[in-house]
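Asks: Residue numbers (this note's numbering): 7 to 343.
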Amino acid sequence: MNSVAYQLFPGQGPEGLRAAPRPVPRPGPTQLVVRVRAASFNRRDLMLMDGTYPLPATPGVVPLSDGVGEVIAVGDGVTRVAVGDRVTATYYLHWLRGPQRLAHVLDQYGANHDGWLAEHIVLEEDSVVIVPDHLTDAEAASLTCAGVVAWKTLADPAPVLPGETVLTVGTGSVALFAVRFARLRGARVLSITSSAEKAKRLREIGADEVIDRTELPDWEQAVLDRTDGAGADHVVEAVGPPTLAKSVAASAFNARITLIGAFPADGPAGDPFLGRYLSIRRIAVGSRADFEDMNRAITAHRLRPVVDRVFPFEAAVDAYRCFREGDPFGKVVIERG
Ligand SMILES: NC(=O)c1ccc[n+]([C@@H]2O[C@H](COP(=O)([O-])OP(=O)(O)OC[C@H]3O[C@@H](n4cnc5c(N)ncnc54)[C@H](OP(=O)(O)O)[C@@H]3O)[C@@H](O)[C@H]2O)c1
Numbered sequence: 007m008n009s010v011a012y013q014l015f016p017g018q019g020p021e022g023l024r025a026a027p028r029p030v031p032r033p034g035p036t037q038l039v040v041r042v043r044a045a046s047f048n049r050r051d052l053m054l055m056d057g058t059y060p061l062p063a064t065p066g067v068v069p070l071s072d073g074v075g076e077v078i079a080v081g082d083g084v085t086r087v088a089v090g091d092r093v094t095a096t097y098y099l100h101w102l103r104g105p106q107r108l109a110h111v112l113d114q115y116g117a118n119h120d121g122w123l124a125e126h127i128v129l130e131e132d133s134v135v136i137v138p139d140h141l142t143d144a145e146a147a148s149l150t151c152a153g154v155v156a157w158k159t160l161a162d163p164a165p166v167l168p169g170e171t172v173l174t175v176g177t178g179s180v181a182l183f184a185v186r187f188a189r190l191r192g193a194r195v196l197s198i199t200s201s202a203e204k205a206k207r208l209r210e211i212g213a214d215e216v217i218d219r220t221e222l223p224d225w226e227q228a229v230l231d232r233t234d235g236a237g238a239d240h241v242v243e244a245v246g247p248p249t250l251a252k253s254v255a256a257s258a259f260n261a262r263i264t265l266i267g268a269f270p271a272d273g274p275a276g277d278p279f280l281g282r283y284l285s286i287r288r289i290a291v292g293s294r295a296d297f298e299d300m301n302r303a304i305t306a307h308r309l310r311p312v313v314d315r316v317f318p319f320e321a322a323v324d325a326y327r328c329f330r331e332g333d334p335f336g337k338v339v340i341e342r343g
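Here's what the structure looks like:
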C-alpha cells in the first residue's frame, strides 16, 4: 500500500516542497507507525526551507516537527503506547528529561528525521507523547514546539508565582501559549503587539493589558508606567535580538528574561543590560518530561491552543505561504480529511 509524503529540498523556496508516494512504513523494534491526522508550522520550518536553520535539513526529508495522529502499528519492543492511541512526539528525538545536552539537538523530526507532513510517520517510542483528549486534531498538532517552549519558560527553573508580572513580546504561537500559561499560574500578563485587532484577540485569550507598539514605540516605558515603575518580573522574549534592549528596559530588578525568539538584530547595540541586574537565558523547546507536565496542565484547565487557519493536506504549499506571509494569529495547521 502507498502513502504520500511531502519532501523538502532546502534552499529552493516553495519549489523545494514535493509530494511523492512511498510504501507505508513498517516499525522497527522500538518504533511505531502513526497515521497522521494534522500537522502545524513553526518559524523553524521556514528557516529549514530557506536553509537558515542551524541544523540543516537533510535533502528530501519530510518536514514539520508538530503533528498528531493515530498509532496503527508498533514494534515488538514497544510498551509505552498501543495501536489506536492518539499521539504526538517531542521536538528532539532523544531529550527525555533533565538538562539539555548538545547531543539532544542533533536529532530533530522535520530536519534530519522525517517529520509530520505525510500520511504516515515513523516515531521512536521514547519520543512519543499522548495528547490531551479534549483537544481537536488541529489543536493537538500545535503543542510540540511553541507549546513546550512557552511552558518551560514559565515553569523552569522556578515557576512563575501568582501575582508576578509576565511580559510577552510578539504574537507568534510561543507568545500566545505563554499568555495562557502565565494566566494559569495566576500572573498578571502584559503583552506587546502591532495592531488593534491583535490587541483585542490577546485580551480575549487572557492578556490583562496590551500595548500596541505601533502606537507606543517606546513600549518599554509603557510597561514601566503600568507597573508603577517596577517593570516585569518575567519576560517571554519571543522576538529576540531586535527587541531585547526594550525588554531589558521593561524589566524589574532581578527579573528573568527568557530569550526564545531568533529574529536577527537590526543593528549594532550598546550595553544590552543597561547596567541592570537580571538573568537572561536562552532555551530551546523542552524535554519529554516538560511536554508531559504541560499536557497535565492543559488537561486540568481544559485549555486550547489558538489555531488561525486549517488547510487540507493537498494544499501544503498554500499553507507554507500563509504561514510566511499571512501574519497568522495562532497556528497554521494542515489536516487530512
Ligand atoms: N527557542 C525555541 O525553542 C523556539 C521555539 C519556537 C519558536 N522559536 C522562535 O521564536 C520566535 C517566535 O516564534 P513563533 O512561532 O512564536 O512566532 P512567529 O510567527 O515567528 O512570530 C512572529 C511575531 O513576532 C512579532 N515580531 C516579529 N518581528 C518583530 C520585530 N522586529 N519587532 C517586534 N515584534 C516582532 C510579530 O508580532 P506582533 O505583530 O504581534 O508584534 C510577529 O507576528 C521565532 O524567532 C522562532 O524561531 C524558538
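For each residue, glycine too, the CB sits at the ideal point set by N, CA and C.
Just checking, does the segment 325-340 make contact with the segment 217-237 on the three C-beta pairs under 8 Å criterion?
Replies: No, the segment 325-340 does not touch the segment 217-237.
Asks: Hey, would you say residue 258 sits closer than 8 Å to residue 290, going by beta carbons?
Replies: Position 252 of the sequence shown, counted from the start, is the residue given in the question as residue 258. Position 284 of the sequence shown, counted from the start, is the residue given in the question as residue 290. Not closer than 8 Å, so no.
Asks: If you run the structure through DSSP and keep just helix, strand and coil, what is residue 230?
Replies: On the sequence shown, residue 230 is found 224 positions in, with the first residue counted as 1. Three-state DSSP puts residue 230 in a helix.
Asks: If you scan the segment 193-280 from start to end, which runs of the alpha helix (DSSP H) of 4 or more residues do you find wholly inside it?
Replies: List check, alpha helix (DSSP H) in window: 202-211, 225-232, 247-255.
Asks: Does the Cβ-Cβ distance between residue 182 and residue 211 come in under 8 Å?
Replies: Mapped onto the sequence shown, residue 182 falls at position 176. Mapped onto the sequence shown, residue 211 falls at position 205. Taking 8 Å as the Cβ cut-off, residue 182 and residue 211 qualify as a contacting pair.
Asks: So, under 8 Å CB-CB, residue 27 and residue 39 are touching, yes? Tell me the CB distance rounded to an integer number of Å.
Replies: Within the sequence shown, numbered from 1, the residue matching residue 27 stands at position 21. Within the sequence shown, numbered from 1, the residue matching residue 39 stands at position 33. Contact flag wrong, Cβ pair sits at about 16 Å.
Asks: Taking 7 Å as the cut-off, does the CB of residue 246 come closer than this to any heavy atom belonging to ligand 1?
Replies: Stepping through the sequence shown from its first residue, residue 246 is reached at position 240. Yes, Cβ of residue 246 sits closer than 7 Å to a heavy atom of ligand 1.
Asks: CA-CA distance, residue 117 and residue 65?
Replies: On the sequence shown, position 111 is the one that residue 117 refers to. On the sequence shown, position 59 is the one that residue 65 refers to. So the two alpha carbons sit approximately 9 Å from each other.
Asks: Would you mind sorting residue 105 into buried or exposed? The rule is 16 or more other CB atoms within 10 Å of its CB.
Replies: Here residue 105 corresponds to residue number 99 of the sequence shown, with the count starting at 1. Exposed, because fewer than 16 other Cβ atoms sit within 10 Å of the Cβ of residue 105.
Asks: Determine the closest residue to residue 255 out of 321, 149, 343, 281, with distance taken between C-alpha atoms.
Replies: Here residue 255 refers to the residue found at position 249 of the sequence shown. The residue with the shortest Cα to Cα distance from residue 255 is 281.
Asks: Thinking just about the alpha-carbon of each residue, which of 144, 92, 31 is nearest to the one in residue 337?
Replies: In the sequence shown, residue 337 corresponds to position 331, counting from 1. Among 144, 92, 31, the Cα nearest to that of residue 337 is on 144.
Asks: In the structure shown, what three-state DSSP assignment does residue 317 receive?
Replies: Position 311 of the sequence shown, counted from the start, is the residue given in the question as residue 317. Note: residue 317 maps to strand in three-state DSSP.
Asks: With distances taken from CA atoms, which of 200, 208, 248, 196 is nearest residue 231?
Replies: Sequence index remark: in the sequence shown, residue 231 carries index 225 (1-based). The candidate whose alpha carbon is nearest that of residue 231 is 196.
Asks: For residue 32, which residues in the same chain have their Cβ closer than 8 Å to its Cβ, ignoring the five residues on either side in sequence?
Replies: Within the sequence shown, the letter at position 26 stands for residue 32. Excluding sequence neighbours, residue 32 sits near 39, 79.
Asks: Please identify the residue among 242, 284, 278 whose C-alpha is closest to the C-alpha of residue 265.
Replies: Your numbering for residue 265 matches position 259 in the sequence shown. Closest option to residue 265, Cα to Cα, is 242.
Asks: Taking buried to mean at least 16 other C-beta atoms within 10 Å of its own C-beta, is residue 152 buried or exposed?
Replies: Counted from its first residue, the sequence shown places residue 152 at position 146. With 16 or more other Cβ atoms within 10 Å, it is buried.
Asks: If you reduce the DSSP assignment to three classes, tell me which class residue 98 lands in.
Replies: Position 92 of the sequence shown, counted from the start, is the residue given in the question as residue 98. Strand at residue 98.
Asks: Can you grab the Cα-Cα spacing for the pair residue 313 / residue 335, in whole Å?
Replies: Numbered from its first residue, the sequence shown carries residue 313 at position 307. Numbered from its first residue, the sequence shown carries residue 335 at position 329. Taking the straight line from one Cα to the other gives about 8 Å.
Asks: Is residue 110 helix, strand or coil when you go by DSSP?
Replies: Here residue 110 refers to the residue found at position 104 of the sequence shown. DSSP places residue 110 in helix when its eight states are reduced to three.
Asks: Looking at the strands, I want to know which residues DSSP matches up with residue 12.
Replies: Here residue 12 refers to the residue found at position 6 when the sequence shown is read from its first residue. In DSSP, residue 12 forms a bridge with 25.
Asks: Under 8 Å, do residue 63 and residue 54 count as touching if we go by C-beta distance?
Replies: The residue given as residue 63 occupies position 57 in the sequence shown. The residue given as residue 54 occupies position 48 in the sequence shown. In contact: residue 63 and residue 54 (Cβ atoms closer than 8 Å).
Asks: Taking 8 Å as the cut-off, decide whether the C-beta atoms of residue 134 and residue 188 are in contact.
Replies: As a working note, residue 134 is residue 128 in the sequence shown. As a working note, residue 188 is residue 182 in the sequence shown. Contact: no.
Asks: What residue does the beta strand (DSSP E) around residue 145 start on, and which one ends it?
Replies: As a working mapping, residue 145 is identified with position 139 in the sequence shown. Unbroken run through residue 145 is the alpha helix (DSSP H), 143-146; no beta strand (DSSP E).
Asks: What are the partner residues of residue 285, as DSSP defines its beta bridges?
Replies: Locating residue 285 in the sequence shown gives position 279, counting from the first residue. Bridge partners of residue 285: 262.
Asks: In terms of alpha-carbon separation, which member of 310, 321, 306, 34 lies closest to residue 179?
Replies: As a working note, residue 179 is residue 173 in the sequence shown. Answer by Cα proximity: 310.
Asks: DSSP three-state call for residue 326: helix, strand or coil?
Replies: Working through the sequence shown from its first residue, we reach residue 326 at position 320. Of the three classes helix, strand and coil, the one that applies to residue 326 here is helix, per DSSP.
Asks: Excluding the 5 residues preceding and the 5 following residue 316 in the sequence, name in chain order all residues of the same chain whose CB lies nearer than 6 Å to its CB.
Replies: Here residue 316 refers to the residue found at position 310 when the sequence shown is read from its first residue. The residues are 144, 339, 341.
Asks: Which one of 332, 305, 171, 333 has the shortest CA to CA distance from residue 141?
Replies: Translated into the one-based positions of the sequence shown, residue 141 becomes position 135. Taking only the C-alpha atoms, the option nearest residue 141 is 305.
Asks: Taking 7 Å as the line, does the beta carbon of residue 73 fall inside it for any heavy atom of ligand 1?
Replies: In the sequence shown, the residue the question calls residue 73 occupies position 67. It does not: the Cβ of residue 73 is nowhere closer than 7 Å to a heavy atom of ligand 1.
Asks: Hey, would you say the C-beta of residue 3 is under 7 Å away from at least one heavy atom of ligand 1?
Replies: Residue coverage of the chain in this structure runs from 7 to 343, which leaves residue 3 outside it and unanswerable.
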